[in-house]
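Have a look at the structure below before the remarks.
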Amino acid sequence: MIGTLYIVSTPIGNLEDITLRAIRILKEVDIIAAEDTRNSLKLLNHYGISKPMISYWGAKEKIKAHEIISRLRSGQSVALISDAGTPGISDPGAIVIKKAIEEKIPLTVIPGPTSFVAALSLSGLSTEQFTFIGFLPSNKSQRLKALKNLCFETRTLIFYEAPHRVFETLIDMDKIFSERRAAIIKEISKIHEEVFRGFIHELLPLFEHSKIYGEYIIIVEGRSSIKYILPEDALSEVHSLMKKGLSRKEAVQRIAEQYNISKKELYNKSLYYIT
């Protein structure tokens with residue numbers, strides 16, 4: 002009989018943020034596959050759970066995925082956990098899950114804390130529609146390109162960011178998003194949890210000289226407009242006006258006013274797409 006793969010969500014900070022079902026499953030399975038066994042042992046020891054463990058961290062995930070599948074095929078049950086949150090969501094685990102699906106291994110999820118959902122509820126920004134982006138590229142030019150592709154998005158945008166890149170990312174966001182409100186949530190559910198709210202340009206000074214540590218979630222409000230227009234259509238209209246002799250600045254101003262969209266956002270995007 003084939004074993005079951007349990008995708009188990011673990012606390013994102015406070016060790017008490019774990020479900021009773023998750024604790025039961027972790028106690029019942031034959032093996033626990035952890036992102037980093039050293040980190041996961043803190044949680045397991047806290048709840049008196051002692052099980053054989055497999056680490057599938059980083060480059061080892063592809064190799065370890067085969068071992069995990071082999072264990073499942075032999076009839077053993079496996080709990081898949083990451084250091085915090087849900088495996089596969091901006092964390093390792095997706096390769097193992099995909100492999101299990103391909104191999105027709107029974108699997109189920111034990112839901113629990115998700116940091117970006119918790120952060121969104123704290124942000125004060127619209128929760129009706131949102132887009133989870135996760136981590137932006139570390140390379141500045143690639144990061145700017147990714148942000149430019151999002152500048153017309155009307156849904157609330159959610160990003161993860163490493164502490165040493167928070168300030169640089171905010172600088173780039175201010176260039177692309179301009180005059181938008183944002184919320185930055187630091188160390189959610191942990192002792193040093195903090196929430197910073199305001200316009201992006203107002204938040205910048207808070208991170209310029211301070212010693213930045215911990216985990217950060219940046220939430221940015223979506224673009225608001227009275228009349229919606231697809232990004233490529235707006236750029237197409239700008240390009241059309243420029244062909245008729247208008248300067249880039251004049252063309253952008255006319256289209257931005259027509260559709261009530263940010264002139265700065267449209268201008269920046271036109272520089273990238275219209276040469």
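Residues in the sequence shown are numbered consecutively from 2, following the working numbering.
Glycine is no exception: its CB is placed at the ideal position from the N, C-alpha and C atoms.
> If you compare alpha carbons, which of Q77, P93, L21 is closest to S56?
Replying inline: Residue mapping note: residue 56 aligns to position 55 of the sequence shown, counting from 1. Of the listed residues, the one whose Cα sits closest to S56 is P93.
> Taking the C-alpha atoms as reference points, what is the distance between F160 and G49?
Replying inline: Here residue 160 is taken as the residue at index 159 of the sequence shown, counted from 1. Here residue 49 is taken as the residue at index 48 of the sequence shown, counted from 1. Roughly 34 Å separates the two Cα atoms.
>> Below 8 Å, how does it come out for the region 108-124 and the region 37-51: are there three or more Cβ pairs, yes or no?
In response: no
>> My output table needs one value for V30: the three-state DSSP class, helix, strand or coil.
In response: Counted from its first residue, the sequence shown places residue 30 at position 29. Here V30 sits in coil by DSSP.
> How should A60 be labelled, buried or exposed, when 16 other C-beta atoms within 10 angstroms of its C-beta is the threshold for buried?
Replying inline: As a position in the sequence shown, residue 60 is number 59, starting the count at 1. By the neighbour-count rule (16 or more Cβ atoms within 10 Å), A60 is not buried but exposed.
> How would you label E233, buried or exposed, when you count the other beta carbons within 10 angstroms and need 16 or more for buried?
Replying inline: Position 232 of the sequence shown, counted from the start, is the residue given in the question as residue 233. So E233 ends up on the exposed side.
>> E68 and I96 - do their beta-carbons sit closer together than 7 Å?
In response: If you number the sequence shown from 1, residue 96 lands on position 95. If you number the sequence shown from 1, residue 68 lands on position 67. No. Outside cutoff.
>> So, at 8 Å on beta carbons, what are the nonlocal neighbours of E194 in its own chain, with the 5 sequence-adjacent residues on each side left out?
In response: For the purposes of this step, residue 194 is taken as residue 193 along the sequence shown, with counting starting at 1. Counting only Cβ-Cβ distances below 8 Å, and skipping sequence neighbours, we find G14, I186, K187, E188.
> Which runs of the beta strand (DSSP E) spanning at least 3 residues fall entirely within the region 97-173, listed in chain order?
Replying inline: 108-111, 131-136, 157-162
> Near E258, what residues of its chain come up, given a Cβ to Cβ distance below 7 Å and the 5 sequence neighbours on each side ignored?
Replying inline: As a position in the sequence shown, residue 258 is number 257, starting the count at 1. Within the same chain, E258 has no close Cβ partners at all.
>> Among the candidates I262, P164, R198, whose CA atom is the shortest distance from the CA of H210?
In response: What you label residue 210 is simply residue 209 of the sequence shown in a count that begins at 1. The shortest C-alpha separation from H210 is found at P164.
> In whole angstroms, what is the alpha-carbon distance linking I192 and V239?
Replying inline: Reading the sequence shown from its first residue, position 191 is the one you call residue 192. Reading the sequence shown from its first residue, position 238 is the one you call residue 239. The straight-line gap from Cα to Cα measures roughly 50 Å.
>> Rounded to whole angstroms, what is the Cα-Cα separation between R156 and Q77?
In response: Locating residue 156 in the sequence shown gives position 155, where the first residue counts as 1. Locating residue 77 in the sequence shown gives position 76, where the first residue counts as 1. Approximately 43 Å, taken between the alpha carbons.
>> Quick check: what's the CA-CA separation for S10 versus I24?
In response: Position 9 of the sequence shown holds residue 10. Position 23 of the sequence shown holds residue 24. So the alpha carbons of these two residues sit roughly 10 Å apart.
> From S190 to Y217, what distance separates their C-alpha atoms?
Replying inline: Stepping through the sequence shown from its first residue, residue 190 is reached at position 189. Stepping through the sequence shown from its first residue, residue 217 is reached at position 216. Whole-angstrom Cα-Cα distance: 12 Å.
> Can you tell me where the beta strand (DSSP E) with A60 in it begins and where it stops?
Replying inline: As a position in the sequence shown, residue 60 is number 59, starting the count at 1. No beta strand (DSSP E) contains A60, which DSSP labels as neither H nor E.
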